[in-house]
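The next block holds one structure in the form of structure tokens; read it before the comments.
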């Protein structure tokens, strides 16, 4: 995702420099960034965490220690399907 954000930054700089915007590419990047996490990434994490909790019930409290950079450790994204809308 970082590469896509870098690409968007590059495209915005080109627009500032007077180049014609590539709206289709910007639209596609935006669609991917807004759809992929909820459709693919988060469901996979949910599955992994469910299996982890089944095999080790104590793992729930250590969830953030396993993947500290993930959204489940952030107060704004602790419940990504509901909190995201309220953060916008």
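Numbering (the numbering used here), first residue to last: 804 to 891.
Virtual Cβ for every residue (Gly too), placed ideally from N, Cα, C.
Just so we're clear, the structure is a prediction, and the values are computed from it rather than from any experiment.
Exercise. Counting pairs of Cβ atoms below 8 Å between the segment 804-813 and the segment 826-841, do you hit three or more?
Worked result: yes
Exercise. Is the Cβ-Cβ distance between residue 814 and residue 825 less than 8 Å?
Worked result: yes
Problem set entry | residue 840: first and last residue of the uninterrupted alpha helix (DSSP H) it sits in | Residue 840 -> no alpha helix (DSSP H), and no H or E assigned at all.
Problem set entry | residue 811, enclosing alpha helix (DSSP H) - first and last residue | 805-819
Problem set entry | Limits of the unbroken alpha helix (DSSP H) element including residue 824 | Neither: residue 824 is in no alpha helix (DSSP H) and is coded neither H nor E.
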